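Number of protein chains: 2
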Amino acid sequence: MKRLWHWPLDPAARTVRLALGEKKAQVDMRACRPGAPIAELPDLPPGTELPVLMDTTGEQKIVASGSHAILEHLEEGETGERLLPFLAKDRAEVRRLWQWSENSFGEVNRTLLAERENQWVRRAKQSDTARLREGVHALKSKIAFLEGLAGMRTYMAGRTLSLADLSIAAHLSAYDYFGDVPWDLTPDLKEWYVRMKSRPSFRPLLADKVEGTRPPSHYADLDF
Amino acid sequence: MKRLWHWPLDPAARTVRLALGEKKAQVDMRACRPGAPIAELPDLPPGTELPVLMDTTGEQKIVASGSHAILEHLEEGETGERLLPFLAKDRAEVRRLWQWSENSFGEVNRTLLAERENQWVRRAKQSDTARLREGVHALKSKIAFLEGLAGMRTYMAGRTLSLADLSIAAHLSAYDYFGDVPWDLTPDLKEWYVRMKSRPSFRPLLADKVEGTRPPSHYADLDF
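Residue numbers (this note's numbering), protein chains in the order written: chain A, 1 to 224; chain B, 225 to 448.
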């Protein structure tokens, strides 16, 4: 049995949900707030954060936390679609872009996404407009880089779908939930995202409704 | 043949150098500045950054960039000391703390370490004291967390040396190069670091001399 505790707007958790979807894994999903204790797992080591996966399908119970531990664990498993390619040189390219995605979008998460959550989820009275501007600016530079890749390749790391695509799509989908991705600036990236969005693994993300928020109408539209 | 291009003060590159040292790998080391082109590898994909490892020991030439791609590639190899444990649950804990290290110390890299490099390597006329303060504050909170772990466990992720130790030690060593780690606040962490520093894999890091800089006398002292 696999169970995932996750915060639906967290890009790292979204990456894991997409990977589980691609692998057609049976998973019991538990949406929860960041920082809330997990009653079922009272002995988590210090500093454990969402997403947390519990996996009892093998001989030993495994608890993995963080996108890196969870996704590498899922890849080491024997079942489901491979999201890291067979050849070592191709795996290196996937992991490079996956790390690029987590590092580069980290700046957008800490600014734009954090402010949107403050505004809509925590209903803060005031927004930090400087942080919002900083985040919008950072996002624009990241998608300009991705537009170049999307123009060169079918998928971000080459010819096949990989964790690089899932991580990048997961981040963009979280910003898109608040209508913050300027898709018109990057037509090739948009075309790639339309393909990603049409995958069955994306459906649960498009159905997300976080209390207090309402995504824009194009968020769940496959032909936006 | 393995060749590594790296910037000596970069914590990610230091992690890779420690791992190569632990594995007793024969590596041709090429220190270079971030952003400088690598003449030998003219066809690197867009956005490639240091550290970059070229590995021609297998059937196919592999070029990996970034700590994640390089270190997972080295672990997938057949030779040398294992830095990810055998059991899946233990690997998950190592990868959790390794990711924690890269994410959490990222804040210190962008502030404190970046300012120190501005001051000493690029000889900037002025320091951004607000960023320095922010970095000092961030570093204190990270080492407070690590002090707790060091008090509980022999190594950061458990009983054996792993990539979690190497990543954390690599980051601290880069800050220590500028005398910025307040070791007296964290005796258990200091004791762990003394053990890390005494490993043969650490010697090349302690011998680093970056042009324009001079590390404090305790930097290379094994019994500081």
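All residues carry an ideal CB built from backbone N, CA and C; glycine is no exception.
Please read all numbers here as calculations on a predicted model, not as lab measurements.
Notebook entry, point to check: Going straight from the alpha carbon of A/Glu-22 to that of A/Tyr-155, what length do you get?
Noted result: For the purposes of this step, residue 22 of chain A is taken as residue 22 along the first sequence, with counting starting at 1. For the purposes of this step, residue 155 of chain A is taken as residue 155 along the first sequence, with counting starting at 1. Each residue's alpha carbon lies about 15 Å from the other.
Checklist line | Cβ-Cβ distance between A/Ala-164 and A/Val-210 below 8 Å | finding: Locating residue 164 of chain A in the first sequence gives position 164, where the first residue counts as 1. Locating residue 210 of chain A in the first sequence gives position 210, where the first residue counts as 1. No, these two residues do not count as a Cβ contact at 8 Å.
Next item on the list: Report the rounded CA-to-CA distance for B/Glu-341 versus B/Ala-236, giving the unit in angstroms.
Entry: Along the second sequence, read from residue 1 onward, the residue named residue 341 of chain B stands at position 117. Along the second sequence, read from residue 1 onward, the residue named residue 236 of chain B stands at position 12. Looking at the two C-alpha atoms, the distance is approximately 15 Å.
Item checked: Which of helix, strand or coil DSSP assigns to B/Leu-228 -> The residue labelled residue 228 of chain B in the question sits at position 4 within the second sequence. Three-state DSSP puts B/Leu-228 in a strand.
Next item on the list: Could you please give the first and the last residue of the uninterrupted alpha helix (DSSP H) stretch that includes B/Ile-262?
Entry: Along the second sequence, one-based indexing puts residue 262 of chain B at 38. From DSSP, B/Ile-262 is part of no alpha helix (DSSP H); its letter is neither H nor E.
Check: Helix or strand or just coil, what does DSSP make of B/Val-360?
Finding: Indexing the second sequence from 1 puts residue 360 of chain B at position 136. Three-state DSSP puts B/Val-360 in a helix.
Note to self: Is there a C-beta anywhere in chain A that falls below 8 Å from the one on B/Gly-245?
What the structure shows: Here residue 245 of chain B refers to the residue found at position 21 when the second sequence is read from its first residue. Cβ-Cβ to chain A under 8 Å: no for B/Gly-245.
Item checked: Beta-carbon spacing of A/Gly-179, A/Trp-120 below 8 Å -> Along the first sequence, one-based indexing puts residue 179 of chain A at 179. Along the first sequence, one-based indexing puts residue 120 of chain A at 120. Contact: no.
Note to self: I'd like the ranges of any beta strand (DSSP E) spanning at least 3 consecutive residues and lying wholly in the region 39 to 102 of chain A.
What the structure shows: 52 to 55 and 62 to 65
Notebook entry, point to check: A/Arg-30 bridges to which residues according to DSSP?
Noted result: Taking the first sequence and counting its residues from 1, the one referred to as residue 30 of chain A is at position 30. Its beta-bridge partners are A/Trp-5.
Item checked: Pair within 8 Å by beta-carbon distance, B/Tyr-417 and B/Leu-337 -> Residue mapping note: residue 417 of chain B aligns to position 193 of the second sequence, counting from 1. Residue mapping note: residue 337 of chain B aligns to position 113 of the second sequence, counting from 1. Their beta carbons are not under 8 Å apart, which means B/Tyr-417 does not touch B/Leu-337 by this criterion.
Notebook entry, point to check: How do the region 192 to 206 of chain A and the region 15 to 35 of chain A stand: do at least 3 beta-carbon pairs fall below 8 Å, yes or no?
Noted result: yes
Next item on the list: Within 10 angstroms of the Cβ of B/Phe-329, are there 16 or more other Cβ atoms? Answer buried if so, exposed if not.
Entry: What you label residue 329 of chain B is simply residue 105 of the second sequence in a count that begins at 1. The residue in question, B/Phe-329, is buried, as its Cβ has 16 or more Cβ neighbours within 10 Å.
Checklist line | B/Lys-366 versus B/Met-278, B/Ile-286, B/Val-405 and B/Arg-254, residue with shortest Cα-Cα distance | finding: Residue 366 of chain B sits at position 142 when you count from the first residue of the second sequence. Taking only the C-alpha atoms, the option nearest B/Lys-366 is B/Val-405.
Checklist line | Sequence-distant residues of the same chain with beta carbon closer than 7 Å to A/Pro-85, five excluded per side | finding: Translated into the one-based positions of the first sequence, residue 85 of chain A becomes position 85. These residues qualify, in order along the chain: Arg-91, Val-94, Thr-160 and Ser-162.
Item checked: The alpha helix (DSSP H) enclosing B/Ala-381, as first and last residue numbers -> Residue mapping note: residue 381 of chain B aligns to position 157 of the second sequence, counting from 1. Taken as a continuous stretch (DSSP letters only), B/Ala-381 belongs to no alpha helix (DSSP H), as it is neither H nor E.
Notebook entry, point to check: In whole angstroms, what separates the C-alpha of B/Ser-397 from that of A/Glu-78?
Noted result: Within the second sequence, residue 397 of chain B is the residue found at index 173, counting from 1. Within the first sequence, residue 78 of chain A is the residue found at index 78, counting from 1. If I take the Cα positions, the gap works out to 38 Å.
Next item on the list: Verify the CB distance criterion: does A/Lys-89 have a CB-CB separation below 8 Å to chain B?
Entry: As a first step, residue 89 of chain A is located in the first sequence; it is residue number 89 there, counting from the start. So, interface residue.
Check: What does B/Gly-184 reach in chain A if we use C-beta pairs closer than 8 Å?
Finding: This structure leaves residue 184 of chain B out entirely; chain B is present only between 225 and 448.
Notebook entry, point to check: With contact counted as at least three CB pairs below 8 Å, one residue from each stretch, are the region 349 to 368 of chain B and the region 245 to 259 of chain B in contact?
Noted result: no
Item checked: Whole-number beta carbon distance between B/Met-225 and B/Thr-272, since they are thought to touch under 8 Å -> Here residue 272 of chain B is taken as the residue at index 48 of the second sequence, counted from 1. Here residue 225 of chain B is taken as the residue at index 1 of the second sequence, counted from 1. Actually they do not touch by this definition, with Cβ atoms about 20 Å apart.
Notebook entry, point to check: Roughly how far, in whole angstroms, is the beta-carbon of A/Pro-51 from the beta-carbon of A/Asp-10, given that I think they are within contact range, below 8 Å?
Noted result: Residue 51 of chain A sits at position 51 when you count from the first residue of the first sequence. Residue 10 of chain A sits at position 10 when you count from the first residue of the first sequence. Indeed they touch by this definition, with Cβ atoms about 7 Å apart.
Next item on the list: Please compile the residues from chain A whose C-beta is within a distance smaller than 8 Å of the C-beta of B/Ile-286.
Entry: Residue mapping note: residue 286 of chain B aligns to position 62 of the second sequence, counting from 1. Simply Ala-88, Lys-89 and Ala-92.
Margin query: Given a cut-off of 8 Å on the beta-carbon distance, is the pair A/Gln-99 and B/Ala-288 in contact?
Written below: Position 99 of the first sequence, counted from the start, is the residue given in the question as residue 99 of chain A. Position 64 of the second sequence, counted from the start, is the residue given in the question as residue 288 of chain B. Their beta carbons are not under 8 Å apart, which means A/Gln-99 does not touch B/Ala-288 by this criterion.
Note to self: Could you compute how far the alpha carbon of A/Leu-97 sits from the alpha carbon of B/Pro-269?
What the structure shows: As a working note, residue 97 of chain A is residue 97 in the first sequence. As a working note, residue 269 of chain B is residue 45 in the second sequence. Going from the Cα of A/Leu-97 to the Cα of B/Pro-269 covers about 10 Å.
Next item on the list: Name the two residues that bound the continuous alpha helix (DSSP H) containing A/Tyr-177.
Entry: As a working note, residue 177 of chain A is residue 177 in the first sequence. A/Tyr-177 -> alpha helix (DSSP H) spans 163 to 177.
Check: DSSP on A/Leu-189, reduced to helix/strand/coil?
Finding: As a first step, residue 189 of chain A is located in the first sequence; it is residue number 189 there, counting from the start. Of the three classes helix, strand and coil, the one that applies to A/Leu-189 here is helix, per DSSP.
Notebook entry, point to check: Can you tell me whether DSSP reads A/Pro-215 as helix, strand or coil?
Noted result: The count along the first sequence starts at 1 and reaches residue 215 of chain A at position 215. Looking at A/Pro-215 - three-state DSSP - the assignment turns out to be coil, as it is neither helix nor strand.
Notebook entry, point to check: Near B/Gly-359, what residues of its chain come up, given a Cβ to Cβ distance below 6 Å and the 5 sequence neighbours on each side ignored?
Noted result: What you label residue 359 of chain B is simply residue 135 of the second sequence in a count that begins at 1. Val-332, Thr-335 and Leu-336.
Check: Among B/Leu-446, B/Lys-349, B/Met-420 and B/Ala-431, which has the Cα closest to the Cα of B/Ala-374?
Finding: Counting from one through the second sequence, the residue named residue 374 of chain B turns up at place 150. The shortest Cα separation from B/Ala-374 among B/Leu-446, B/Lys-349, B/Met-420 and B/Ala-431 belongs to B/Met-420.
Margin query: For a cutoff of 8 Å on Cβ pairs, would you count A/Arg-14 as touching chain B?
Written below: Numbered from its first residue, the first sequence carries residue 14 of chain A at position 14. By this cut-off, A/Arg-14 is not an interface position.
Next item on the list: Kindly indicate the opening and closing residues of the alpha helix (DSSP H) around B/Trp-407.
Entry: Position 183 of the second sequence holds residue 407 of chain B. No alpha helix (DSSP H) holds B/Trp-407; DSSP gives it neither H nor E.
Check: In the structure shown, what three-state DSSP assignment does A/Ala-207 receive?
Finding: The sequence position of residue 207 of chain A within the first sequence is 207, counting from 1. A/Ala-207: coil per DSSP, three-state reduction.
Next item on the list: Answer yes or no: does any C-beta atom of chain B fall closer than 8 Å to that of A/Arg-95?
Entry: In the first sequence, counting from the first residue as 1, residue 95 of chain A sits at position 95. Judged by the 8 Å Cβ criterion, A/Arg-95 is in contact with chain B.
Check: Distance, Cα to Cα, B/His-230 vs A/Glu-40?
Finding: Walking along the second sequence from the start, residue 230 of chain B turns up at place 6. Walking along the first sequence from the start, residue 40 of chain A turns up at place 40. Cα to Cα, the separation comes out at about 44 Å.
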